[in-house]
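J.: Each position in the sequence shown, counted from 1, maps to that position plus 23 in my numbering. Below is one structure. I have some questions about it.
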Amino acid sequence: MGVGKIKIPVYKPTITDLEKQYVMACLDEEWISSKGRFIPQFEKEFSDYIGIPHALSLSNGTTALHAALMALGIGSGDEVIVPTLTYVASANCVSYTGARPVFVDCEPGTWNISLKDVERVITNRTRAIMAVHLYGLPCDMHGLMEIAKKHDLLVVEDCAEAIGSKISDKHVGRFGDISSFSFYGNKTITTGEGGMVVTSNPTLAERVDHLKGQGLARFREYWHDIIGYNYRMTNLCAAIGCAQMQRLNQTLVRKRKIAELYRSELDGVLEFQAEVPEMVHSHWMVCGLLPNSAMRDPLREALLELGIETRPVFYPLHSMPMYSGGFRRMPISDDVSSRGINLPSYPELEDQQIIWICKSVREFIKTQVPH
Ligand SMILES: Cc1ncc(COP(=O)(O)O)c(C=O)c1O
């Protein structure tokens, strides 16, 4: 797709003097691997923020989700229900365990997992449902938990995109049995690469801790009693995380303002993810749907010519080669994916830049619609 110099990336992290100061402290103190003071500090600040007893740092959001599924004992012969409209890691983590991801469509409006579809695909092999809070909008966790209870299923929340998202006053990550977060460079808070598992269940927390640290036995050095993994976060990453946590509320306020500005400037031009009463959308990435799919890539091309980077909404996973064997049509996800565009959403983006992006979108659309 097009060339031109990117003036406005779709995302970039905010790194301040505090991040630099904390990272320098790791280097000065020579704690640069997965031991050091910033790791417990970051975990404690994270668990306090979410309001959950256990938070365990991991090397990224994918390893966090994988460890969460392993802690639940998900494995070969099991089925896990996963929305098709999500980032590929959600389903891959299920596959890593030997279980099978069973895809379901999303709901129109919210683009989150369809509860009707979930009920439809439950079999006697189903062990768990994965809720993904897409782009920061919480799923209907009350409805999902009711289904899980009725069918005796486990619930994993993939909160990679949803720090700061809440249902009423309760943070996402506190509804299911176990949940994971991502701190990749484009996330609302970043550690470079990083992830977190949260749970209120001490047994699950202990299992994740055991799995992420090479399966080291508790009371004997160099003795390993399970096949574990090196999924640990470094002190350097945790140091960045601690600095980011200090600005989290401010970041969330700015992201809401960015989303509101896009919504008002592009009202009636693009269709946005629904705002649901009681749900606090953290607006990780602002996405809009074009009137038709034929316009999407030409718009991206036109914006890129101006130096504005965008992304397509995720491609539905059931259409990817490794998951397309049991072909099913997922009309809502297919439609959202084909018409959807991610707009620049980083906190340092200025209002004037958003207004210019929106003007460029409107002008492009005008050229497409016959008068
Ligand atoms: C929904 C979802 N799940 C999982 C991940 C994986 O996180 P990471 O990139 O930190 O491995 C991402 C991230 O990018 C994501 O968006």
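Backbone N, C-alpha and C fix where the C-beta goes; we use that ideal spot for every residue, glycine too. These numbers come from a predicted model, not from an experiment.
Given a cut-off of 8 Å on the beta-carbon distance, is the pair Ser191 and Glu301 in contact?
T.: For this step, residue 191 is matched to residue 168 along the sequence shown. For this step, residue 301 is matched to residue 278 along the sequence shown. Taking 8 Å as the Cβ cut-off, Ser191 and Glu301 qualify as a contacting pair.
J.: Comparing the CB of Asn253 with every heavy atom of ligand 1, is any distance shorter than 7 Å?
T.: Along the sequence shown, one-based indexing puts residue 253 at 230. Not so, every heavy atom of ligand 1 lies at least 7 Å from the Cβ.
J.: For His394, which three-state DSSP category applies?
T.: What you label residue 394 is simply residue 371 of the sequence shown in a count that begins at 1. Here His394 scores only 49 on pLDDT, less than 50, and its place in the model should not be relied on; the value that follows carries that caveat. In this structure, His394 counts as coil in the three-state DSSP scheme.
J.: Our contact map puts Val127 next to Pro161 with C-beta atoms below 8 Å; I'd like the distance itself, whole angstroms only.
T.: Position 104 of the sequence shown, counted from the start, is the residue given in the question as residue 127. Position 138 of the sequence shown, counted from the start, is the residue given in the question as residue 161. Not quite, the Cβ-Cβ distance comes to about 17 Å (not below 8 Å), so this is no contact.
J.: At a cut-off of 7 Å, would you count Val141 as near ligand 1, judging by its Cβ distance to the nearest heavy atom?
T.: Residue numbering aside, residue 141 sits at position 118 when the sequence shown is read from its first letter. No, Cβ of Val141 sits at least 7 Å from all heavy atoms of ligand 1.
J.: Taking the alpha carbon of Lys35 as the reference point, which residue from Tyr119, Leu176, Ile75, Leu366 has its own alpha carbon closest?
T.: The sequence position of residue 35 within the sequence shown is 12, counting from 1. The residue with the shortest Cα to Cα distance from Lys35 is Leu366.
J.: Between the C-alpha atoms of His394 and Phe387, what's the straight-line distance to the nearest angstrom?
T.: Sequence index remark: in the sequence shown, residue 394 carries index 371 (1-based). Sequence index remark: in the sequence shown, residue 387 carries index 364 (1-based). With a pLDDT of only 49 at His394, under the threshold of 50, the placement of this residue in the model should not be trusted, and no figure is reported.
J.: Glu288 to Ala282, Cα distance in whole Å?
T.: Translated into positions along the sequence shown, residue 288 becomes position 265. Translated into positions along the sequence shown, residue 282 becomes position 259. Going from the Cα of Glu288 to the Cα of Ala282 covers about 10 Å.
J.: Is Leu88 a contact residue of ligand 1, with contact defined as CB to any heavy atom under 7 Å?
T.: Working through the sequence shown from its first residue, we reach residue 88 at position 65. Yes, the beta carbon of Leu88 sits closer than 7 Å to at least one heavy atom of ligand 1.
J.: Do Asp181 and ligand 1 come close, with the Cβ less than 7 Å from some heavy atom?
T.: For the purposes of this step, residue 181 is taken as residue 158 along the sequence shown, with counting starting at 1. Yes; taking the cut-off as 7 Å, the Cβ of Asp181 has a heavy atom of ligand 1 nearer than that.
J.: Count the other CB atoms, across all protein chains shown, that sit within 10 Å of the CB of Ile380; report buried if there are 16 or more and exposed otherwise.
T.: As a first step, residue 380 is located in the sequence shown; it is residue number 357 there, counting from the start. Flag for Ile380 reads buried.
J.: Measuring from the CB of Val155, is there a heavy atom of ligand 1 at a distance below 7 Å?
T.: In the sequence shown, residue 155 corresponds to position 132, counting from 1. Yes; taking the cut-off as 7 Å, the Cβ of Val155 has a heavy atom of ligand 1 nearer than that.
J.: One question on the structure: do Phe65 and Gly264 come within less than 8 Å of each other, judged by their Cβ atoms?
T.: Residue 65 sits at position 42 when you count from the first residue of the sequence shown. Residue 264 sits at position 241 when you count from the first residue of the sequence shown. Yes, the pair counts as a contact, with Cβ atoms nearer than the cut-off.
J.: Kindly indicate which three-state DSSP category Arg255 falls into: helix, strand or coil?
T.: Counted from its first residue, the sequence shown places residue 255 at position 232. Here Arg255 sits in coil by DSSP.
J.: Which word fits His247, buried or exposed, when buried means at least 16 other C-beta atoms lie within 10 angstroms of its C-beta?
T.: Within the sequence shown, numbered from 1, the residue matching residue 247 stands at position 224. Burial call: exposed.
J.: Between the Cα of Ile378 and those of His233, Ile55, Glu294, Leu284, spot the shortest distance and give me the residue it belongs to.
T.: Start at 1 with the first residue of the sequence shown, and residue 378 comes out as number 355. The candidate whose alpha carbon is nearest that of Ile378 is Leu284.
J.: Which value, in whole angstroms, describes the spacing of the CA atoms of His77 and Pro354?
T.: Counted from its first residue, the sequence shown places residue 77 at position 54. Counted from its first residue, the sequence shown places residue 354 at position 331. For His77 and Pro354, the distance between alpha carbons rounds to 38 Å.
J.: To test your reading of the DSSP string, which unbroken beta strand (DSSP E) runs of 3 or more residues are found completely within the stretch 202-250?
T.: Runs of the beta strand (DSSP E) inside the stretch 202-250: 218-222.
J.: Going by other Cβ atoms of all chains shown within 10 Å of its Cβ, with 16 needed for buried, is Val103 buried or exposed?
T.: Residue 103 sits at position 80 when you count from the first residue of the sequence shown. Buried: at least 16 other Cβ atoms inside 10 Å.
J.: Assuming Arg60 is part of the alpha helix (DSSP H), what are its boundary residues?
T.: Position 37 of the sequence shown, counted from the start, is the residue given in the question as residue 60. Element bounds for Arg60: n/a, residue is neither H nor E.
J.: So for Arg279, helix, strand or coil by DSSP?
T.: For the purposes of this step, residue 279 is taken as the residue at position 256 of the sequence shown. Helix.
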